[in-house]
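Reviewing the structure listed below.
Protein chains in written order, with the numbering used here: chain A, 128 to 780; chain B, 128 to 780.
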């Protein structure tokens with residue numbers, strides 16, 4: 128009967144919704160209709176936005192001391208709505224809050240809202256190169272290559288609407304020319320466009336800039352000439368961009384230069400830059416993403432390098448740490464630095480661009496992953512949040528319509544990490560698609576389930592980093608070219624052999640567990656108490672290890688992969704039923720992506736199970752679907768793309 | 128628990144069975160061991176086979192009058208086994224019967240067997256061309272191109288072991304040079320090799336041979352010079368091949384010449400040839416596969432052309448009729464000629480080569496299809512059985528190891544159409560793989576389910592002929608190039624529109640139902656009594672037509688396709704569990720094919736449902752798996768092969 132009702136409705140609702148949507152309007156799909164709205168008070172961007180898009184009663188914008196930076200109140204007072212804030216930015220955030228209430232269909236009577244952000248710094252990191260490519264970018268070229276004023280305005284509005292107030296314009300693998308005068312003038316132009324929306328710009332710098340741009344013989348951070356060069360350069364920047372935010376630095380990592388090249392520490396390097404920026408109120412965000420090819424466990428490295436420096440960093444240095452100790456995997460434990468460092472300002476770096484989560488092809492809503500992180504790391508222990516942007520010059524900004532939700536959710540979570548993923552998804556869906564409950568319920572659930580599904584079909588039970596070499600799109604657990612450093616190959620991580628698989632990080636292994644607080648260390652160290660979703664992260668698990676389900680580890684692995692495939696297929700079923708509630712263009716475009724995701728999930732399952740089976744020598748259980756691809760063919764398959772592109776199709780296309 | 132037990136067994140049984148098998152030995156996998164077996168009596172092939180392979184007690188071969196042609200008895204008499212027959216062929220069939228008992232592990236004590244074949248003529252039709260290609264051949268080149276003595280002997284033994292006693296050496300689309308002297312000498316060489324095994328050779332002839340080979344101006348069957356040319360040609364043949372069987376003729380069909388080109392009837396043509404062959408005891412097998420481009424219903428045509436000739440054919444003419452009225456589809460009703468013609472000798476033509484059933488990639492066991500045919504057409508109403516061979520020079524003969532079962536089953540069914548498909552599968556599996564019950568039960572079931580599964584994922588509910596143009600491998604329900612004759616395009620058959628789909632062959636449509644006996648006509652004519660597995664064959668079925676399941680026709684269609692996909696995947700699960708019971712080579716080779724089949728089943732489902740959905744405008748039900756491929760991409764996909772090759776991979780490879 129259910130089916131019948133659906134079919135009937137389907138017909139009534141009409142097969143094809145005529146108007147197309149290209150996704151360019153993001154979640155800012157306001158109708159600008161001709162109402163005469165009374166908005167009075169402080170002039171500025173907040174007023175402009177409300178005058179253009181607010182459809183309710185009169186609004187008063189007023190400045191009020193005593194409120195927190197960027198905070199605001201919204202109160203109904205004698206027939207008017209009063210937005211108060213200490214700054215223009217606060218007013219703007221209040222205005223967007225009001226517009227969000229309007230767009231999500233909530234009542235705007237009797238408002239008594241008081242908001243302030245959890246973090247002062249809510250920053251996007253663009254990994255954009257001077258030539259316009261975006262590292263791990265799957266949505267076209269850099270939006271900063273030839274900035275289009277309309278697009279820059281939309282970019283600014285989108286960020287401000289969710290509270291993002293900073294943006295690092297260039298790749299952490301920074302070219303020295305980022306600090307050339309031409310480049311700084313370009314940054315100034317962008318800063319001027321973003322300033323009205325409360326957004327500061329930052330730059331990634333190459334630590335060897337004094338040599339490569341300045342012509343000096345060294346970049347030693349304790350060298351007087353070097354310091355003096357940086358001072359001049361920073362002065363030049365602040366002349367152009369008076370509210371410049373500061374530097375993001377990837378140093379002594381993956382071949383980038385850094386203070387260790389000159390016998391100095393990370394603290395020496397960070398503090399020198401911090402000293403130069405301090406008079407201008409600039410900051411240094413110094414990345415903790417370091418690992419050496421010879422390390423017996425890459426997951427240990429950041430802790431080993433940074434813990435000895437705890438307490439040595441200047442007060443305008445923030446150590447920017449990826450959420451996990453390896454590299455943005457579908458699931459990692461949190462980086463132990465977060466709970467270990469006590470005397471250092473820290474910020475978390477999340478990755479919005481889906482380098483390891485199906486690029487712009489797979490629908491993976493990331494808020495649940497961040498919520499999981501915050502269940503281990505107290506939000507209050509951090510100073511700020513950074514997100515590696517998933518934005519490019521594609522019409523729909525993010526390649527996948529649903530990838531926009533990760534941009535949106537990042538801003539909302541950086542404002543308030545206590546927001547639940549379902550609340551954020553609800554807001555985003557209502558603003559971006561519609562408030563029709565027939566769409567909202569199923570699609571919200573799809574979003575909420577999507578990250579766990581991706582973990583299941585890619586790397587369940589703690590498996591990590593078994594991606595294809597280079598582009599990181601598909602499965603290549605076998606990838607291990609001769610001569611490549613071991614920690615860039617999957618076997619380094621999965622360590623499959625005839626006994627079992629997984630990386631022994633227990634006290635008798637790499638002892639990585641010891642970097643965690645005592646209670647967690649004990650929990651993770653024991654294969655019988657270690658959470659199963661991190662089992663092979665911490666243990667070399669025997670194929671016949673008994674799981675909580677009663678199955679052997681091997682059988683459980685097969686079930687997990689197969690569950691992932693079935694979930695990916697189920698997403699398609701859910702989405703297909705939404706045709707009447709979504710415009711035709713976005714419906715079809717998302718459907719194509721979900722189809723790729725479903726096909727890819729089979730590829731992942733088959734590649735991983737057939738490959739690991741060559742070690743386990745155990746059959747795939749009878750009650751899961753069996754591989755339909757052949758291992759030798761999957762091993763021959765390569766997607767011929769760089770790390771700057773989205774693979775437009777999945778396996779075998 | 129089931130899984131656990133299986134896994135444990137798997138380990139005990141050992142992961143990989145060391146010895147390889149290439150399938151070249153077919154079902155004749157006798158151990159030739161050094162026993163001193165006493166075989167006495169009539170010398171000949173029967174004796175040789177028994178002396179080489181029989182491992183039991185003494186056997187006596189004796190000739191005995193009064194037994195039916197090709198029949199035999201096998202009796203245990205005072206410690207000996209006595210095989211008696213009226214002819215050498217009968218003795219040979221008896222010998223193979225005894226060897227079959229040995230190979231299938233049955234007791235050979237107390238034997239009291241009496242056998243005789245249902246048909247005198249049990250004939251393979253090879254669609255082999257002089258250049259070595261095989262039309263619709265998926266197992267390599269023609270075995271007759273450069274006949275290898277060892278392979279020819281194996282071919283002869285395989286045929287004789289299941290009672291096949293005739294073979295048409297060349298394609299029914301016959302080149303005139305089939306009757307050239309060089310070609311006849313080649314045929315003689317083959318006949319000489321097959322004769323010891325009781326197999327006669329036949330040739331397909333081109334009706335225009337008198338013009339094209341003989342240099343005459345006409346091939347009019349009533350022309351004296353033409354008749355005289357044929358007489359001489361036939362004399363030439365019989366001089367070379369004294370036991371030559373006769374001619375197979377495709378005339379006035381798909382562009383082949385025939386008597387109608389000269390204003391004569393099929394009967395005129397067939398009877399002329401019959402007259403020439405009669406003195407030599409040769410026969411004419413005249414095909415009823417005719418249809419004209421302008422016919423409003425191709426399914427009507429053979430009946431319309433042949434019924435008026437009923438009773439006019441000579442007594443050594445047999446009309447060879449394909450099992451269904453169109454062309455070897457996954458499911459067709461039987462050809463109505465079989466029950467309509469009363470005064471004409473008829474034989475059925477089955478197609479062993481899987482032109483429309485996944486070529487040499489899909490496992491489809493055909494005996495259930497033939498059983499279905501014989502549930503409508505009484506075996507006794509036919510004179511003979513022909514099977515279009517699936518044999519080529521591939522090492523394993525048929526391309527797919529399980530395609531050998533169709534060759535085997537054809538012979539067995541032609542000997543005894545009452546044999547159940549499961550009995551034949553059982554015999555074949557025991558001889559070809561093993562008698563291990565753990566293999567036998569599941570794999571036999573797989574075979575028995577395979578044809579219905581293929582119907583489900585290709586063309587359920589009476590859909591037919593929606594194959595790719597040319598090679599007929601995949602789905603192309605949209606295939607309709609401008610200018611191509613309509614009955615060579617799928618839309619001619621499926622007739623999908625906004626109302627529904629299917630070919631209206633009722634009394635108010637093409638009236639094809641009227642060609643069937645009264646009771647069947649009534650049954651088929653009414654959409655509410657017509658068997659659902661033929662529904663769109665006989666009716667243009669509205670999308671919302673209520674099916675027996677309670678579902679609408681559209682929903683049922685979706686379910687059927689999806690059931691097919693799940694069955695194809697299930698076959699893989701069954702087969703994967705057989706690894707311990709099957710040699711590694713055949714295990715892997717069959718597994719690869721089953722994987723293609725599972726992937727192809729998705730391709731079929733997706734292509735058909737998405738294409739038909741453009742007419743039905745109805746959603747795919749929520750409780751089936753949704754398409755993972757895109758219609759536009761499937762429509763662009765072409766497999767660049769001819770009709771002489773197996774597509775080595777499936778969709779998107």
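Glycine residues also receive a C-beta, built at the ideal position from the N, C-alpha and C atoms.
If you're wondering where the values come from, they're calculated on a predicted model, not measured in any experiment.
query = With C-beta atoms as the reference, is residue 398(A) less than 9 Å away from residue 440(A)?
reply = yes
query = Does the beta-carbon of residue 625(B) have 16 or more other beta-carbons within 10 angstroms, so that it is buried, or is it exposed?
reply = exposed
query = Across which residues does DSSP place residue 203(A) in a beta bridge pair?
reply = DSSP lists 208(A) as partners of residue 203(A).
request  = State the beta-bridge partners of residue 477(B) as determined by DSSP.
outcome  = Beta-bridge pairing by DSSP links residue 477(B) to 514(B).
CB contact flag (residue 774(A), residue 601(A), <9 Å) = Contact flag set, yes.
task = Check the C-beta distance from residue 294(B) over to residue 241(B) and give it rounded, since I have them as a contact under 8 Å.
result = Contact doesn't hold; Cβ gap of about 27 Å is too wide.
query = Does any CB atom of chain A fall closer than 9 Å to the CB of residue 760(B)?
reply = yes
message = In the DSSP assignment, the alpha helix (DSSP H) including residue 239(A) goes from what residue to what residue?
response = No alpha helix (DSSP H) holds residue 239(A); the beta strand (DSSP E) holding it covers 239 to 242.
ask   = What do you get for residue 239(A), buried or exposed, if any count of 16 or more other CB atoms within 10 angstroms of its CB means buried?
value = By the neighbour-count criterion, in which 16 or more other beta carbons inside 10 Å mark a residue as buried, residue 239(A) falls on the exposed side.
key: Buried or exposed (CB count within 10 angstroms, at least 16 for buried), residue 617(B)   = Taking all protein chains shown into account, residue 617(B) has 16 or more neighbouring C-beta atoms within 10 Å of its C-beta and is therefore buried.
task = Let me know the alpha helix (DSSP H) ranges lying completely inside the segment 714 to 769 of chain B, each 4 residues or longer, listed in chain order.
result = 758 to 763
ask   = Counting only beta-carbon atoms, is residue 749(B) nearer than 9 Å to chain A?
value = yes
message = For residue 377(A), count the other beta carbons within 10 Å of its own beta carbon; 16 or more makes it buried, fewer makes it exposed. Which is it?
response = buried
Pair within 9 Å by beta-carbon distance, residue 752(A) and residue 709(A) = Contact: no.
task = Find out if the Cβ-Cβ distance for the pair residue 410(A), residue 373(A) is shorter than 9 Å.
result = yes
message = For a cutoff of 9 Å on Cβ pairs, would you count residue 145(A) as touching chain B?
response = With a pLDDT of 36 at residue 145(A), under the threshold of 50, the modelled position of that residue is not reliable, and the figure given next carries that caveat. Not an interface residue.
key: beta strand (DSSP E) runs wholly inside the segment 436 to 499 of chain B, at least 3 long, in chain order   = The segment 436 to 499 of chain B contains these whole beta strand (DSSP E) runs: 444 to 449 and 473 to 478.
request  = Indicate whether at least one CB of chain B lies closer than 9 Å to the CB of residue 480(A).
outcome  = In terms of beta-carbon proximity, residue 480(A) stays away from the interface with chain B, with every pair separated by 9 Å or more.
request  = Give the single residue among 432(A), 598(A) and 620(A) whose Cα lies nearest to the Cα of residue 661(A).
outcome  = 620(A)
Residue 779(B) to residue 725(B) span [Cα, whole Å] = When rounded, the distance between both Cα atoms is 13 Å.
inquiry  = Give me the DSSP bridge partner(s) of residue 331(A).
reply    = 375(A)
inquiry  = Considering only the alpha carbon of each residue, which of 531(B), 671(B), 538(B) and 643(B) lies closest to residue 154(B)?
reply    = Proximity to residue 154(B) across 531(B), 671(B), 538(B) and 643(B) peaks at 531(B), based on C-alpha coordinates.
task = Return the chain-ordered list of same chain residues with a C-beta closer than 7 Å to the C-beta of residue 140(B), the five sequence neighbours on each side being excluded.
result = For residue 140(B), the predicted model reports a pLDDT of 38, less than 50, meaning its position is unreliable; a value from the coordinates is still stated below. Only 707 meet the Cβ criterion.
key: Pair within 9 Å by beta-carbon distance, residue 266(A) and residue 631(A)   = no
query = Are residue 577(B) and residue 714(B) touching if we call contact CB-CB under 9 Å?
reply = no
query = If residue 705(A) sits next to residue 668(A), beta carbons under 8 Å apart, how far is it from one beta carbon to the other, in whole angstroms?
reply = Incorrect: roughly 40 Å between the Cβ atoms, too far for contact.
ask   = Closest Cβ-Cβ distance between residue 488(B) and chain A: below 9 Å?
value = For residue 488(B), the answer is no, since every Cβ of chain A falls outside 9 Å of its Cβ.
ask   = Got a sec: is the Cβ-Cβ distance from residue 755(B) to anything in chain A below 9 Å?
value = yes
task = Compare the Cα-Cα distances from residue 227(B) to each of 206(B), 764(B), 270(B) and 183(B) and report the closest residue.
result = 183(B)
key: Whole-number beta carbon distance between residue 761(B) and residue 730(B), since they are thought to touch under 8 Å   = Residue 730(B) to residue 761(B), Cβ: 7 Å. Contact.
request  = For the alpha helix (DSSP H) containing residue 308(B), list its first residue and its last residue.
outcome  = Counting along the chain, the alpha helix (DSSP H) containing residue 308(B) begins and ends at 308 to 321.
query = Would you say residue 573(A) reaches chain B, if we count a Cβ-Cβ gap shorter than 9 Å as a contact?
reply = no
task = Evaluate residue 451(B) with the Cβ neighbour count: other Cβ atoms within 10 Å of its Cβ, from every protein chain shown; 16 or more gives buried, anything less gives exposed.
result = buried
ask   = What's the gap between the Cα of residue 571(A) and the Cα of residue 552(A)?
value = 6 Å
inquiry  = Is residue 130(A) close to chain B? Criterion is C-beta to C-beta, closer than 9 Å.
reply    = Low confidence applies to residue 130(A): its pLDDT is 38, below 50, so where it sits in the model is not reliable, and the reading given next is rough at best. Yes, because at least one Cβ of chain B sits closer than 9 Å to the Cβ of residue 130(A).
ask   = Alpha carbon to alpha carbon, how far is residue 502(B) from residue 765(A)?
value = 52 Å
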